[in-house]
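Participant:
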Amino acid sequence: MLLLSRLAENLFWMGRYMERAENTARLLSVNYYATLESAGSARDHWRPLLDLTGGEGALRAHYGRVDARSVGSWLAFDRENPSSIASSLAFARSNARGLRDRIPSEMWEAVNRAYLNLCFETGDILDRDGLFEFCVAARDASQFFFGIAFATLPRDEGWSFMRAGQMLERADNTLRVLQGRLTPEALRGALEPAAAVQIEQRWAQVLKGASAYEAYRKRIHAGINPRLIAGFLLLDEYFPRSVRYSVQNLHDALEQIHRCHPGEHPEVLRLSRWLVARLEFAQVDDILTRQQPGLPDLLVDVNGVGAAITAAYFEQE
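For the sequence shown, position 45 matches number 45 in UniProt numbering, and the numbering has no gaps at all.
Rendered as structure tokens:
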């Protein structure tokens, strides 16, 4: 019997929100300390990360400024920001609470502990220079949660919906990060040495924000190169945080759901299979130069799969 749409939706969004908390924590910790150590305006450093969470308009309306402190507060623990780490953990806990009889008790305890430990922090974190520890705790809480799920959750529809949410969120995040960083200057190479150094620093941050620095250096032996980094994060079939890997795992989860109910909602599987094929046969220049498909196209495709999942499984009982 198909899971009730409410339960399936809770599992899907629980996976998305826990992944979102981890993604934001990774990017925030890397960008925060890079801003303190690097020259240039805070706005230039933070714009790509703020774009992931709806732009700087809401931040400026709330704090009146864009600097390391206001951005750190907004993205880490400000509950008025629905995409902050604290908000993501709170939403994940809300979804998990409706599943307490459906998920192992250890999963509920993990998300509830993360909520209690991290969702009531204030600006005191910044006063005592504790943002890095906060982000590490959020990252570890997400990894601990998914580790427990991997070890204890039966591989049924519930697992597949949670996994689909996690992988959809991961693919979406990686695409948005690349879209924010892939400027024409980065792709063609900077003419001035100072600009080249700045671009190299920012792309090292992109790798570190995806926990990909060591994996990239092991696979690619050409130094920090925006085009090669983009190709790695888009198309590598073995790195767990690449778009291709995430989309393949998203499709596998949806295929498992489809196998339980053959013939139902074929559009969802068709869209995910098309996205897998586009990435499997694309080359990096197809995406970055020829725009066939471009990053905006891939982002539309990823969100199209998410919309199809919602329409097929969550909007009907």
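Just so it is clear, CB atoms sit at the ideal spot from N, CA and C, and this is done for glycine as well.
If you scan the segment 285-314 from start to end, which runs of the alpha helix (DSSP H) of 4 or more residues do you find wholly inside it?
Facilitator: 295-309
Participant: Locate the alpha helix (DSSP H) running through N112, then write down its first and last residues.
Facilitator: 105-118
Participant: Between N81, D78, G158, F144, which has its C-alpha nearest A100's C-alpha?
Facilitator: According to the sequence as given, residue 100 is Arg; it is not Ala. Here the closest residue by C-alpha is G158.
Participant: Looking only at C-alpha atoms, which of F314, R270, P184 sits nearest to V302?
Facilitator: R270
Participant: Here's a check: name, in chain order, each residue in its chain whose Cβ is nearer than 6 Å to the Cβ of M1, leaving out the five neighbours to either side.
Facilitator: Because the pLDDT at M1 is just 43, under 50, the model does not fix this residue reliably, and the point stays unresolved.
Participant: Spell out a yes or no on whether the segment 283-294 and the segment 161-173 are touching, meaning 3 or more CB-CB pairs, one atom from each, closer than 8 Å.
Facilitator: no
Participant: What does a CB cutoff of less than 8 Å around R20 pick up in its chain, not counting 5 residues either side in sequence?
Facilitator: Sequence-distant Cβ neighbours of R20 in its own chain, meaning closer than 8 Å and more than five residues away, are S83, S88, E169, N173.
Participant: Just to confirm, is the Cβ distance from N81 to T53 under 9 Å?
Facilitator: yes
Participant: Please name the residue in A34, A8, P48 whose C-alpha comes closest to that of G180.
Facilitator: Selected option, being the one with the closest Cα: P48.
Participant: Determine the contact status of E237 and R244, defining contact as a CB-CB distance below 9 Å.
Facilitator: yes
Participant: State the Cα-Cα distance for the pair R202 and R219, rounded to the nearest angstrom.
Facilitator: 20 Å
Participant: Going by beta carbon distance, what residues of the same chain come within less than 6 Å of L275, once the five residues before and after it are set aside?
Facilitator: Residues of the same chain with a CB within less than 6 Å of the CB of L275, apart from the 5 flanking positions on each side, are V247, D301 in chain order.
Participant: Run through the segment 14-93 for me and flag every whole alpha helix (DSSP H) of 4 or more residues, listed as ranges in chain order.
Facilitator: 42-52, 57-63, 68-76
Participant: By alpha-carbon positions, which one of L235, T35, F91 ends up nearest to Q198?
Facilitator: T35
Participant: Closest to L75 by C-alpha separation, out of N95, M107, L28, N117, would be which residue?
Facilitator: L28
Participant: Closer than 7 Å by C-beta to G304: which residues in its own chain qualify, once you throw out the five before and the five after it? Chain order, please.
Facilitator: Excluding the 5 residues flanking it on each side, G304 has same chain C-beta neighbours closer than 7 Å at L271, in chain order.
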